[in-house]
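Report on the following structure.
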Amino acid sequence: MLTATTQRVEDGQALRYRFMEMEDRYRKQALAMACALISLVDLRDAYTGGHSSRVASYARATALRLGLPDGQLDKVVMGALLHDIGKIGVPDHVLLKRGRLTDEEFAHIKKHPELGWMALKNIEDFKPISLIVLHHHERMDGVGYPGGLKGNAIPLGSRIIAVADSYDALTTDRPYRTARTKQQAIDELLRCVDVQFDSRVLAAFLDALD
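The sequence shown begins at 5 in my numbering and counts up one residue at a time.
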C-alpha cells in the first residue's frame, strides 16, 4: 500500500516537472516569436528602435511592484513587447514623418492598436494579450482610443503599458523634439494622473523607477 502511494506521489511529481518544462518551452517560443515580430517594426523605424524592449522592461518592473502573479506578469510583458506591432500597417510617409502630424495622418497612427489586435487575436499564443495591445492608448477619463474605455474597464496590462510607453516616449529623442529629462518626464506623468494614467499603476512605476 505504501509502495503504491509512494509511486503515485512520484508519478505526480514527474508530471508536474514535465508540465513545468513544457510551460518553459512555450514561454521561450512565444518570446522568440514576439521578438521576431517586433524586429519588423524596428526595421521600419530605426529612430524608435529598442522602444518596445524598454517599455517591456518598465512594464515588467511595474507589474512586479503591483504583485501580479507569474501568468499575468508574462502577459503584460508580452503585450508590452508587441504593443506597437500594428504600426506595420501604418504608411511609411506617416510613420517616418519628421515633424508634427496632420489630423489625417494622426488618424492613421490611431489605427495601430486595432491593427495590432487584428494581427494577434487569431494566433493562439497571442490571443490572451491581444486585448492588452488593443487598449494601450485608452485613458482613465474615457477619451482615449480606440474604445473610449474608462477607469477599471481598461485592462490592467493596458494601463501599465500606457505609463511605460509614455515615459519612454518622453525620454527619447524624436525628429520633432529632444528628449526630456527623467524629472521632466515624471512631472508630466504626475500632471496626468487619474486623467490619463491609473494612480496606483503610476505609483508602482515610479517606485520601480527609483
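Don't be surprised by glycine CBs; every beta carbon is placed ideally from N, CA and C.
Here the structure is a predicted model, which means the values were calculated and not measured.
Pairing Met-122 with Glu-128, the inter-Cα distance amounts to about 13 Å.
About 11 Å separates the beta carbon of Ile-165 from that of Gly-120, a gap too long to meet the 8 Å contact definition. A Cβ-Cβ separation of about 5 Å places Val-137 in contact with His-87 under the 8 Å criterion. Under the criterion of beta carbons closer than 8 Å, His-141 and Pro-117 qualify as touching, at roughly 5 Å. In the structure shown, the three-state DSSP call for Arg-178 is strand. Taken through DSSP and simplified to helix, strand or coil, Val-94 comes out as coil. Of the residues assessed, Leu-206 falls on the buried side of the cut-off, its CB having 16 or more other CB atoms within 10 angstroms. Under DSSP, the beta-bridge partners assigned to Phe-201 are Val-197.
Taking each of Leu-35, Ser-203, Lys-186 in turn and checking the Cα distance to Leu-213, the smallest one comes out for Lys-186. At the C-beta level, Thr-66 and Phe-209 come within 9 Å of one another.
In this structure, the beta-carbon distance from Val-81 to Arg-64 falls below 9 Å. Counting only runs of at least 4 residues, the region 29 to 105 fully encloses the following alpha helix (DSSP H) elements, listed from N- to C-terminal order: 55 to 69, 74 to 85, 96 to 99. Boundaries for His-141: no alpha helix (DSSP H) harbours it, and the DSSP string shows neither H nor E there.
Straight-line measurement puts the Cα of Asp-145 at about 28 Å from the Cα of Val-98. Counting along the chain, Phe-110 sits inside the alpha helix (DSSP H) bounded by residues 107 to 113.
In this chain, the alpha helix (DSSP H) harbouring Ala-123 covers 116 to 124.
C-alpha of Ala-34 to C-alpha of Val-199: approximately 34 Å in a straight line. Put simply, of Glu-109, Gly-103, Lys-79 the residue whose alpha carbon is nearest the alpha carbon of Leu-160 is Lys-79.
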